[in-house]
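*Asks:* For reference, the structure I am asking about is given below.
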Amino acid sequence: MSDGGGWTVIQRRSDGSENFNRDWNDYENGFGNFVQKNGEYWLGNKNLHLLTTQGDYTLKIDLADFERNSRYAQYKNFKVGDEKNSYELNIGEYSGTAGDALAVRFHPEVQWWGSHQRMKFSTWDRDHDNYEGNCAEEDQSGWWFNRCHSANLNGLYYLGPYSNTTDNGVVWHTWHGWWYSLKSVVMKIRPNDFISNSV
Numbered sequence: 001m002s003d004g005g006g007w008t009v010i011q012r013r014s015d016g017s018e019n020f021n022r023d024w025n026d027y028e029n030g031f032g033n034f035v036q037k038n039g040e041y042w043l044g045n046k047n048l049h050l051l052t053t054q055g056d057y058t059l060k061i062d063l064a065d066f067e068r069n070s071r072y073a074q075y076k077n078f079k080v081g082d083e084k085n086s087y088e089l090n091i092g093e094y095s096g097t098a099g100d101a102l103a104v105r106f107h108p109e110v111q112w113w114g115s116h117q118r119m120k121f122s123t124w125d126r127d128h129d130n131y132e133g134n135c136a137e138e139d140q141s142g143w144w145f146n147r148c149h150s151a152n153l154n155g156l157y158y159l160g161p162y163s164n165t166t167d168n169g170v171v172w173h174t175w176h177g178w179w180y181s182l183k184s185v186v187m188k189i190r191p192n193d194f195i196s197n198s199v
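Following this line, the structure appears as structure tokens:
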């Protein structure tokens, strides 16, 4: 699905073939299978920063569950800060069908601890979250953790429908809650002012 083209895929989860419980250096520089059609990877925080400083970008996140349902979330003005600012996440207006699990603007009781807006990136060896523990270590992934998350698309990949009392899977809480781990995720970006080539 091209959605009119112009997208750069920055993250893909599809089968659990790649380990996303990585250190700061791996998340900074990127890792995974960039060659295979549905290969899992993270483009790298350094690359995300360089790309998103070139202009205003839209982030689109395509999500799918194990029951063959799909949803999406889209954010205008997606930006990732530089290394000095620990690759801080900034997102603008939300639209979509999956719910706003990144900024959690419509859930004030969750927003103060679950919003990822303006959060610094954390890994098990670089803890920048607002939690007294270490979210990246507990959830076994690198992400823009708060105290800890309302979305974690780099979480542990569980094979098959998975529901448990832990939230360390591939989570988008505004669609399936904290305890359901999703089947697939694609995070992609393109310029806000991109003109679609579709007729």
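Numbering (the UniProt record's numbering), first residue to last: 1 to 199. We put the CB at the ideal spot given by N, CA and C, even for glycine.
(1) Alpha carbon to alpha carbon, how far is A151 from T97? Give it in angstroms, no decimals.
(2) With S122 and F145 assumed to form a contact (beta carbons below 8 Å), what rounded beta-carbon distance in angstroms separates them?
(3) Short check: CB of I91 to CB of Q54, under 9 Å?
(4) What does D62 pair with, by DSSP beta-bridge criteria?
(5) Apply the 10 Å Cβ neighbour rule to N69 and answer buried if 16 or more other Cβ atoms are within range, or exposed otherwise.
(6) From W24 to V80, what distance separates their C-alpha atoms?
(7) Leaving out the 5 sequence neighbours to the left and right, which residues in its chain are closer than 7 Å to R22 when beta-carbon positions are compared?
(8) Here's a check: name, in chain order, each residue in its chain whose Cβ is nearer than 6 Å to the Cβ of N130, leaving out the five neighbours to either side.
(9) Which residue marks the beginning of the beta strand (DSSP E) containing E94, and which one marks its end?
(10) Which of the three DSSP states is assigned to N25 in this structure?
(11) Let's see if you can read the secondary structure: which residues bound the beta strand (DSSP E) around T8?
(12) Go ahead and label F20 buried or exposed: buried means 16 or more other beta carbons lie within 10 angstroms of its beta carbon, across all protein chains shown.
(13) Residues in the same chain with beta-carbon distance under 6 Å from D62, minus the five sequence neighbours each way, listed in chain order, please.
(14) Where R190 and G6 are concerned, what is the direct C-alpha to C-alpha distance, given to the nearest angstrom?
(15) State the CB to CB distance for the pair Y41 and N33, rounded to an integer number of angstroms; the pair is presumed to be in contact (CB under 8 Å).
(16) Does T166 pass the burial test, meaning 16 or more other C-beta atoms within 10 Å, or should it be called exposed?
*Replies:* With the structure as the only source:
(1) Counted from its first residue, the sequence shown places residue 97 at position 97. Counted from its first residue, the sequence shown places residue 151 at position 151. Roughly 15 Å separates the two Cα atoms.
(2) As a working note, residue 122 is residue 122 in the sequence shown. As a working note, residue 145 is residue 145 in the sequence shown. Going by Cβ atoms, the distance from S122 to F145 rounds to 5 Å, so yes, they are a contact pair.
(3) For the purposes of this step, residue 91 is taken as residue 91 along the sequence shown, with counting starting at 1. For the purposes of this step, residue 54 is taken as residue 54 along the sequence shown, with counting starting at 1. Contact flag unset, no.
(4) The sequence position of residue 62 within the sequence shown is 62, counting from 1. D62 is bridged to Y72 and V186.
(5) What you label residue 69 is simply residue 69 of the sequence shown in a count that begins at 1. Answer is exposed; the Cβ neighbour count stays below 16.
(6) The residue you call residue 24 lines up with position 24 of the sequence shown. The residue you call residue 80 lines up with position 80 of the sequence shown. For W24 and V80, the distance between alpha carbons rounds to 15 Å.
(7) On the sequence shown, residue 22 is found 22 positions in, with the first residue counted as 1. Its chain contains F31, T123 and G142 as the residues whose beta carbon lies nearer than 7 Å to that of R22, once the 5 sequence neighbours on both sides are disregarded; these appear in chain order.
(8) Counting from 1 along the sequence shown, the entry for residue 130 is found at position 130. Only N146 and R147 meet the Cβ criterion.
(9) Your numbering for residue 94 matches position 94 in the sequence shown. Note that residue 94 is Tyr in the sequence shown here, rather than Glu. Y94 to G96 is the span of the beta strand (DSSP E), which, as asked, contains Y94.
(10) Your numbering for residue 25 matches position 25 in the sequence shown. Note: N25 maps to helix in three-state DSSP.
(11) For the purposes of this step, residue 8 is taken as the residue at position 8 of the sequence shown. Counting along the chain, the beta strand (DSSP E) containing T8 begins and ends at T8 to R13.
(12) Sequence index remark: in the sequence shown, residue 20 carries index 20 (1-based). By the 10 Å Cβ count, F20 comes out buried.
(13) For the purposes of this step, residue 62 is identified with residue 62 of the sequence shown, where counting begins at 1. The residues are Y72 and V186.
(14) Along the sequence shown, one-based indexing puts residue 190 at 190. Along the sequence shown, one-based indexing puts residue 6 at 6. R190 and G6: Cα-Cα distance of roughly 6 Å.
(15) To locate residue 41, count along the sequence shown from 1; it is residue 41. To locate residue 33, count along the sequence shown from 1; it is residue 33. Sure, about 6 Å apart at Cβ, within 8 Å.
(16) Taking the first residue of the sequence shown as 1, we reach residue 166 at position 166. So T166 counts as exposed.
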